[in-house]
Amino acid sequence: MSTTDIVADIFDRFARNGHREYGESVTQEQHALQTAHLAEQDGADDLLVAAALLHDFGHLLHDEDAAAKGIDAIHEQIGAKFLSQHFAPEVVEPGRLHVQAKRYLCAVSRGYHATLSPASVRSLALQGGPFTADEIDAFRQNPHWKAAVRLRHWDDGGKDPQMQTPPLEHYRSHIAAGLQK
Numbered sequence: 019m020s021t022t023d024i025v026a027d028i029f030d031r032f033a034r035n036g037h038r039e040y041g042e043s044v045t046q047e048q049h050a051l052q053t054a055h056l057a058e059q060d061g062a063d064d065l066l067v068a069a070a071l072l073h074d075f076g077h078l079l080h081d082e083d084a085a086a087k088g089i090d091a092i093h094e095q096i097g098a099k100f101l102s103q104h105f106a107p108e109v110v111e112p113g114r115l116h117v118q119a120k121r122y123l124c125a126v127s128r129g130y131h132a133t134l135s136p137a138s139v140r141s142l143a144l145q146g147g148p149f150t151a152d153e154i155d156a157f158r159q160n161p162h163w164k165a166a167v168r169l170r171h172w173d174d175g176g177k178d179p180q181m182q183t184p185p186l187e188h189y190r191s192h193i194a195a196g197l198q199k
């Protein structure tokens with residue numbers, strides 16, 4: 019696939035499935051745009067902004083009622099598998115790790131759990147709950163762990179039905195910057 023085709027495919031998936039809700043008060047597309055907007059406002063580089071935009075891309079690739087059925091749909095793995103065919107690790111890995119980052123923050127940051135949305139608390143239980151000490155150590159060995167933690171905070175903030183963001187088109191250059199050459 020050409021760069022143009024890959025970007026067009028991503029935009030098409032947002033057009034087809036971005037309207038879906040997933041237990042939050044925003045749609046998938048709104049959440050992606052808000053997360054990317056927060057990353058951009060925080061001074062993240064183009065690759066990390068692209069990672070923020072695409073961190074939940076796996077939700078656009080699978081059945082959306084899995085969590086309601088008590089199933090961990092491993093959306094982060096599904097998305098990373100697809101994205102890793104086309105994108106640099108700096109785009110793929112923070113998204114792959116954002117669920118682990120939630121588990122990490124629940125274990126190391128006093129009060130973090132209380133800030134999670136009800137849907138995020140529900141999914142945390144399905145995803146294994148807070149990390150153990152060994153899991154914390156293993157997570158910190160990953161070269162992308164700090165980027166994943168940053169992304170996680172933007173992810174948590176990107177669930178506001180009133181937030182105004184640039185349109186998806188604004189992020190076309192960020193997505194293109196993250197493609198493997």
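Sequential numbering of the sequence shown, starting at 19, is according to this note's numbering. C-beta atoms are modelled at their ideal positions from N, C-alpha and C, and glycine is treated no differently. Every value quoted in this text rests on a predicted model; they were computed, and no experiment measured them.
From the options, residue whose alpha carbon lies closest to that of residue i
{"i": "ARG31", "options": "ALA119, LEU71 and PRO184", "result": "LEU71"}
{"i": "LEU78", "options": "VAL25, GLU47 and SER141", "result": "GLU47"}
{"i": "GLU58", "options": "HIS192, ASP74, TRP163 and GLY196", "result": "HIS192"}
{"i": "LYS200", "options": "LEU142, HIS116, ALA62 and GLY76", "result": "Any question about residue 200 goes unanswered here, given that the chain covers just 19 to 199."}
{"i": "HIS80", "options": "HIS93, HIS73, ALA68 and ALA69", "result": "HIS93"}
{"i": "ILE96", "options": "ARG114, GLN52, HIS171 and PRO107", "result": "ARG114"}
{"i": "GLY146", "options": "GLY129, GLN118, HIS73 and GLU108", "result": "GLN118"}
{"i": "ASP155", "options": "GLY36, LEU123 and LEU144", "result": "LEU123"}
{"i": "ALA21", "options": "THR133, ASN160 and PHE105", "result": "Strictly speaking, residue 21 in this sequence is Thr, with Ala absent from that position. THR21 has its Cα closest to that of PHE105, out of THR133, ASN160 and PHE105."}
Nonlocal neighbours in the same chain, by C-beta distance under 6 Å from residue i, ignoring five residues either side
{"i": "GLY41", "result": "ALA137"}
Endpoints, the alpha helix (DSSP H) within which residue i is located
{"i": "VAL44", "result": "Looking at the DSSP string, VAL44 is not in any alpha helix (DSSP H), and its letter there is neither H nor E."}
{"i": "ILE193", "result": "190-196"}
Exposure of residue i, with buried meaning 16 or more beta-carbon neighbours within 10 Å
{"i": "ASP173", "result": "buried"}
{"i": "GLN103", "result": "exposed"}
{"i": "ARG121", "result": "buried"}
{"i": "GLY88", "result": "Any reading at GLY88 must be qualified, since the residue scores a pLDDT of 44, below 50, and its modelled position is unreliable; the value itself is stated next. Exposed."}
{"i": "VAL167", "result": "buried"}
{"i": "ASP152", "result": "exposed"}
{"i": "GLU112", "result": "Looking at the sequence shown, residue 112 is not Glu but Pro. Classification for PRO112: buried."}
{"i": "ALA62", "result": "buried"}
{"i": "VAL110", "result": "buried"}
7 Å Cβ shell around residue i - same chain, five flanking residues per side excluded
{"i": "SER11", "result": "Only positions 19 to 199 of the chain appear in this structure, which leaves residue 11 out of reach."}
{"i": "GLU39", "result": "THR45"}
Same chain, Cβ closer than 8 Å to residue i, neighbours up to 5 away in sequence not counted
{"i": "ASP64", "result": "SER191, HIS192, ALA195 and GLY196"}
{"i": "THR150", "result": "ALA125"}
{"i": "HIS235", "result": "The question about residue 235 has no answer, for the chain in this structure spans 19 to 199."}
{"i": "ASP60", "result": "ARG168 and TRP172"}
| field | Length at least 3, wholly inside the region 100-167: the beta strand (DSSP E) runs in chain order | value | Listed in chain order, there is nothing to give.
| query | Mind pulling the beta strand (DSSP E) runs of 3 or more residues that sit fully within the region 28-78? | reply | If one requires a minimum length of 3 residues, no beta strand (DSSP E) run lies completely within the region 28-78.
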